[in-house]
Ligand SMILES: Nc1ncnc2c1ncn2[C@@H]1O[C@H](COP(=O)(O)OP(=O)(O)OP(=O)(O)O)[C@@H](O)[C@H]1O
Ligand SMILES: O=C(O)[C@H](O)[C@@H](O)[C@H](O)[C@H](O)CO
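In my numbering, the protein residues as written are 9 to 522.
See below:
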C-alpha cells in the first residue's frame, strides 16, 4: 500500500487538488480556475465541461510531477446545490446552475408560502431558497417545459464528473442532503418534495454513502491523468461539511467559520436536527455525523469586487511588488482604526442567505463623511463581512445543545492577518486558523482514510492540520465593535421595505432590457 492520498475539491471558482502523505503533509497542490457566468443579476452558471477539464488538469499536473507517488485513493469534495439537466444521450441540456443562481426565487417563495415548505425543510434540512435544487428543479419543470420534457436526470457537478469516470449516475448522501429533497431520517428521497418538484426518483441519481468507493475507472481517462484505473475513488461529501472535518472542528461545541468566495459557520452533531425558525441547514457528512450551520453569499467575493472595481492602482502596485493584490488591499485597511472611524458596510452584494434569507437585500455604506477615505471603505467592507457572519453565529449557537468551545477558521480570507484578527475581535473569541487553506481537500482525504478502513475515527485530523495561527480578542477593538454591531444589525431591519423597492426597480431594468 502506498502512503499518499489525493483530495479534490470542485469549488465555485476553481478546482483544487492536493497530494498529501498519509500523515497529512502537503506534497503538491493545484488550483485550476474557471469562470462563473453572471450575465444578469439573477443568473450564476458554469460550463460543466470546463469544470471537468479543470479536474483532469488538476490531476495530471500533480501526477506528472510525482510519478513515484501514486495515491492509494482519490477522494472528492464539491460545492453544493448545483443542478445540470441531462438528456437521454447523457448530454447537458442546461449549464451547471450554481448555488448562487437566484432564478428560481419565485418558486422558492411559492414552496415556502403555499406548498408547506417549512415542513419540507424540517424533513430535508435544506432551507427553502433559490439555492436549493428543490427550487431550481421546480422552476425548470414548471417554467421551462421545453427542457423538462427532455430530461433523463437532474444531477450536480460531482455526479457529472463521476458519470465521466464510471459511467454511472451516483450521488453521495452529503450532496443529496443539500438538494432539499432527501429525507434526513431514512436517507431516502422525500416523496412530498419530489411531488413538489415534479420529478420521479429515477430522474435522480442513485443514493450512496459518502464512504462508497469506486474502482475500475474509464481507461482512457486514467491514462490521460496518469493513474492506474484500479485506483479507488471515494465519492466523498460536500465542500462545507468536509471543511469542518479538514479544519478539525469535529467535536461537540467546536465551530468552523469558512470565508472563501461565499462563507459559512457550521458545527458537527451526531443526529440530524433542524430549526423551528428555518434559519439553519442540516447536511450529512456520514450516517453518524451531521453538520448544522448557516451559509452566507457575501464572503470573499466582497473583497474581490473591491479589487476588480475600485483598486486598479493597488492592483498595479501589487504587480510591481510581485505580491497578491489582496495583500496590498488588506495592508491599506490596516492604516485605519477598528470600526473604520464609524463607517459601516452592509456586504449584501449578492442578496443574502443566512441570517436574513432575503435575495432582495442590497449592499450599502452607512455613516460616510468627508473624512472617510478609500482605506476606510476597504476596512469597513472587511468588517462588514465579519459582522454579518457573527449574526449567523448567534443564530447557530441558539440551535446548539451546549456552549461553543472553539472557533476554527478557514478559506481564502485566512491568508490575511488583519482579517483573521477582526474575526477574533468581533466574535470576542480566540480564533485558530490552520496554515493550510485547503481544508475541504484534507477533509476529503480523512473521509477517504475512514472509507478505506485505515482509520476508525476522525480524531487523526488534529495531528494532520499542522501549524496554526492563533488570534485573541484585543480589548480596544472589542470596545469599538460592541458599539457598532447593534447599528449594523438594526440597519437591515429598518431597510426591509427599501430593499424590496430597490430590488424591484433593478429587476424592472433587467426585464425592460430583455
Ligand atoms: N491574501 C489574501 N488576503 C485576504 N483575502 C484573500 C487573500 N487571498 C484570497 N483572499 C480572499 O479569499 C477569497 C477566495 O477564497 P477561496 O480560494 O477559499 O475561495 P473558493 O474556494 O474559490 O470559494 P468557494 O469554495 O466558494 O468556491 C477571495 O475572494 C478573497 O476575498
Ligand atoms: O456550508 C457551506 O459552505 C454552505 O452551506 C454552502 O452553501 C456553500 O456556500 C456552497 O456549497 C458554495 O461552495
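A virtual CB, placed ideally from N, CA and C, is assigned to each residue, including glycine.
Proximity to residue i [Cα-Cα], best of the options
i	options	result
residue 502	421, 470, 370	370
residue 163	210, 25, 427	210
residue 442	463, 34, 21, 18	34
residue 113	515, 185, 436, 522	515
residue 147	204, 352, 354	204
residue 154	333, 93, 300	93
residue 234	243, 74, 132, 23	74
residue 1	511, 349, 509	No information on residue 1 is available, as it lies outside the stretch 9 to 522 that the chain covers here.
residue 498	451, 352, 483	352
residue 108	51, 117, 152	51
residue 161	118, 102, 479, 411	102
residue 484	357, 446, 430	430
residue 500	453, 356, 460	356
residue 118	138, 437, 53, 14	138
residue 374	496, 17, 82, 171	496
residue 170	198, 144, 216	216
Residue i beta carbon near ligand 2 (any heavy atom closer than 7 Å)
i	result
residue 410	no
residue 182	no
residue 85	no
residue 187	no
residue 5	Because the chain spans 9 through 522 in this model, residue 5 falls outside it and cannot be assessed.
Bridge-paired residues (DSSP) for residue i
i	result
residue 357	359
residue 26	15, 37
residue 442	476
residue 417	265
residue 100	94
residue 274	264, 301
residue 352	374
Helix, strand or coil at residue i according to DSSP, with G and I counted as helix
i	result
residue 294	strand
residue 196	strand
residue 260	coil
residue 241	strand
residue 50	coil
residue 502	helix
residue 106	coil
residue 170	helix
residue 368	coil
residue 144	helix
residue 486	helix
heavy atom of ligand 3 below 7 Å from residue i C-beta
i	result
residue 445	Judged by which ligands are present, ligand 3 is missing from the structure shown, whose ligands are ligand 1 and ligand 2.
beta-carbon residue i near ligand 1 non-hydrogen atom, thresh 7 Å
i	result
residue 401	no
residue 308	yes
residue 332	yes
residue 311	yes
residue 368	no
residue 325	no
residue 289	no
Neighbour flag for residue i against chain D, beta carbons, 8 Å
i	result
residue 365	In the structure shown, chain D cannot be found, because there is only a single protein chain.
Can you confirm whether the region 208-222 touches the region 407-414 when touching is taken to mean that 3 or more C-beta pairs between the two stretches lie within less than 8 Å? In short, these stretches do not touch, since the Cβ pair count stays below three.
Contact between the region 315-330 and the region 270-278 is defined here as three or more beta-carbon pairs at a separation below 8 Å; is this criterion met? Flag = no, the region 315-330 and the region 270-278 do not touch.
Does the contact criterion of 3 or more C-beta pairs under 8 Å hold for the region 506-514 versus the region 279-298? With fewer than three CB-CB distances shorter than 8 Å, the region 506-514 does not count as touching the region 279-298.
Is the region 450-461 close to the region 418-438, with three or more CB pairs under 8 Å? Segments in contact, no.
The region 124-132 contacting the region 63-83, beta-carbon criterion three pairs below 8 Å: Fewer than three beta-carbon pairs drawn from the region 124-132 and the region 63-83 are found closer than 8 Å, and the two stretches are therefore not classed as touching.
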